[in-house]
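All remarks here apply to the structure that follows.
Residue numbers (our numbering): 39 to 558.
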């Protein structure tokens, strides 16, 4: 696949992803809109005891002086169902209406950048993806909300706070708060529980590999399992790694990161072309013959449907994958999945390092050009608050997955994905979230991703040697860094490293985040 072919397929997959990413929406929802209407909170007597009340009382005070009586919110098309049940209570409490402006997912970045240029003030709040935050901040579209966060306390931390480290790497740029990541898009590993517990499989696997069949802790164990369960005559496949344009970068980076590596060093020099990167890519290529045949062209929807066929052992995907595959209407996997912590590597000190990836997601940002940015902030905090967001993440039609600690304590959230084994799911999901890492959240993030993506695919398809593909990527990354300015990129990279979870900090001796952030 040459550059033009990759670009065309990348754009097809990107648009297909953006068009259909909301699995909870109409496209694949298993039932019609179900509203979980919140109770009628007594906001008239302001107690200011929690994030939603602080947002409401702040809005009431601001509304007395503001000419603005409506908040205009840009949201991805299809996500309306996650918001509409909770807007009446906001309006009743504050007197402020909400105007949801739906935009096709593939056009959100373009619309945001257009607003940065025109400065029209059309939108008060927007919902882009977290990985694009640096570019949007540098475009001067996004308001620095750090002072509002200190004033209103959205409960980023605490018993109902956002999972650490998501609140660190998803909300901040260069140590300042610019958004609220409101979607816990952690990728969990899934295997077939019925195959795992089959006595004949256990016997034959141990006979062949010399150790018991179990949930893989290490990537080499996972590769063995994929080889064991592959039988194309049935057909039966060991796995689905999405090695198609737009997705392949994520598969590579998860394997690479498991070596205790980050893609750049302290000076923003690429590390991916080193021995760990080459081994990571070669390991993925080695199990190519174990993959479902659709994995080099399909995107997320093809993955969901392929796994539902019941012929694949292992895969890694978003929480909505679990919801989809637990619906018996869609296939043969309902009630047959085992949820797994991400596999990893054994470090030199004997410890296990098992990082999980956070990919895509959504964030609330406040427009710098809003006619009343503080009022817009209060709307965003209300929706982001523990109570309201806890309802949104379990509402049919939502695009948002659990991201706060209180979400993971709510049985209704777990049952939204798996009515029977929800406790096991939430435990694994929480572990992966606490051990997660973000996408490349730098200026030009999509450019870095594109160059990696196309070269990983070139190697996977045999068009380049692994070493050449990664060297080409590193060279392209250096040009991107130089174009945006190494000093500024290094500043954000230094901050981003401090946002990694405790597991990263221990293995890589990374710096801690700024003290004030941990006290929010």
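A virtual CB, placed ideally from N, CA and C, is assigned to each residue, including glycine.
Keep in mind that this is a model prediction, so the values were computed, not measured.
How close, in whole Å, do the beta carbons of residue i and residue j come, if the pair is a contact with beta carbons under 8 Å?
| i | j | result |
| --- | --- | --- |
| residue 537 | residue 207 | 4 Å |
| residue 90 | residue 466 | The Cβ separation is near 29 Å, so there is no contact. |
| residue 480 | residue 172 | 6 Å |
| residue 354 | residue 318 | Going by Cβ atoms, the distance from residue 354 to residue 318 rounds to 15 Å, so no, they are not a contact pair. |
| residue 282 | residue 350 | Incorrect: roughly 16 Å between the Cβ atoms, too far for contact. |
| residue 181 | residue 406 | 5 Å |
| residue 110 | residue 137 | 5 Å |
| residue 423 | residue 192 | 7 Å |
| residue 261 | residue 324 | 7 Å |
| residue 514 | residue 507 | So it is not a contact: roughly 11 Å between Cβ atoms. |
| residue 344 | residue 228 | Not really, about 13 Å apart at Cβ, beyond 8 Å. |
At which residues does the beta strand (DSSP E) containing residue i begin and terminate?
| i | result |
| --- | --- |
| residue 378 | 375-378 |
| residue 305 | Run containing residue 305: none; DSSP gives neither H nor E here. |
| residue 151 | Careful: residue 151 lies outside any beta strand (DSSP E), inside the alpha helix (DSSP H) at 146-156. |
| residue 226 | 226-230 |
| residue 204 | Note, residue 204: premise wrong, no beta strand (DSSP E); alpha helix (DSSP H) at 204-207. |
| residue 109 | 108-114 |
By how many angstroms is the C-alpha of residue j removed from the C-alpha of residue i?
| i | j | result |
| --- | --- | --- |
| residue 169 | residue 483 | 7 Å |
| residue 366 | residue 372 | 5 Å |
| residue 106 | residue 186 | 19 Å |
| residue 295 | residue 135 | 45 Å |
| residue 273 | residue 266 | 13 Å |
| residue 129 | residue 177 | 32 Å |
| residue 60 | residue 154 | Annotation note: pLDDT 42 at residue 60 (below 50); position unreliable, no value reported. |
| residue 80 | residue 546 | For residue 80, the predicted structure reports a pLDDT of 34, less than 50, and the residue's modelled location is therefore unreliable. A value from the coordinates is still provided. Going by the C-alpha atoms only, they are around 49 Å apart. |
| residue 444 | residue 225 | 20 Å |
| residue 393 | residue 140 | 35 Å |
| residue 535 | residue 270 | 43 Å |
| residue 160 | residue 143 | 18 Å |
| residue 306 | residue 516 | 8 Å |
| residue 509 | residue 104 | 56 Å |
| residue 442 | residue 428 | 8 Å |
| residue 231 | residue 504 | 34 Å |
| residue 291 | residue 452 | 28 Å |
| residue 275 | residue 320 | 19 Å |
| residue 362 | residue 99 | 43 Å |
| residue 77 | residue 223 | Note that residue 77 scores a pLDDT of 34, beneath 50, so its modelled location is shaky; the value from the coordinates is reported in the next line. Each residue's alpha carbon lies about 28 Å from the other. |
| residue 96 | residue 309 | 47 Å |
| residue 316 | residue 549 | 27 Å |
| residue 246 | residue 460 | 33 Å |
| residue 456 | residue 464 | 10 Å |
| residue 384 | residue 391 | 6 Å |
| residue 149 | residue 346 | 35 Å |
| residue 259 | residue 431 | 34 Å |
Exposed or buried, what is residue i when buried is set at 16 or more other beta-carbons lying within 10 Å of its beta-carbon?
| i | result |
| --- | --- |
| residue 249 | exposed |
| residue 133 | exposed |
| residue 241 | exposed |
| residue 554 | exposed |
| residue 86 | exposed |
| residue 501 | exposed |
| residue 449 | exposed |
| residue 83 | Low per-residue confidence applies at residue 83: pLDDT is 30, beneath 50, and the placement is therefore not dependable enough to give any value. |
| residue 337 | buried |
| residue 408 | buried |
| residue 341 | buried |
| residue 287 | buried |
| residue 470 | buried |
| residue 235 | exposed |
| residue 158 | exposed |
Which stretch, first to last residue, makes up the alpha helix (DSSP H) that contains residue i?
| i | result |
| --- | --- |
| residue 528 | 524-536 |
| residue 32 | Residue 32 is absent from the structure shown; the chain starts at 39 and stops at 558. |
| residue 357 | 357-363 |
| residue 427 | 424-430 |
| residue 452 | 449-455 |
| residue 403 | Looking at the DSSP string, residue 403 is not in any alpha helix (DSSP H); the run it does join, the beta strand (DSSP E), is 401-404. |
| residue 136 | Careful: residue 136 lies outside any alpha helix (DSSP H), inside the beta strand (DSSP E) at 135-141. |
| residue 258 | 257-267 |
| residue 488 | 483-498 |
| residue 275 | Counting along the chain, residue 275 falls outside any alpha helix (DSSP H), though it belongs to the beta strand (DSSP E) covering 275-278. |
| residue 200 | No alpha helix (DSSP H) holds residue 200; DSSP gives it neither H nor E. |
| residue 445 | 443-446 |
| residue 185 | 184-190 |
Please decide whether residue i counts as near chain C, where near means a Cβ-Cβ distance under 8 Å.
| i | result |
| --- | --- |
| residue 337 | Included in the structure is just one protein chain, with no chain C present. |
Inter-stretch contact (C-beta, 8 Å, three-pair minimum) for the segment 408-424 and the segment 368-382
no
Validate contact between the segment 189-202 and the segment 524-532 using beta carbons, cut 8 Å, 3 pairs
no
Determine contact between the segment 489-504 and the segment 209-219, defined as no fewer than three beta-carbon pairs at a distance below 8 Å.
no
When you compare the segment 429-448 with the segment 114-123, are there three or more beta-carbon pairs, one atom per stretch, that lie closer than 8 Å?
yes
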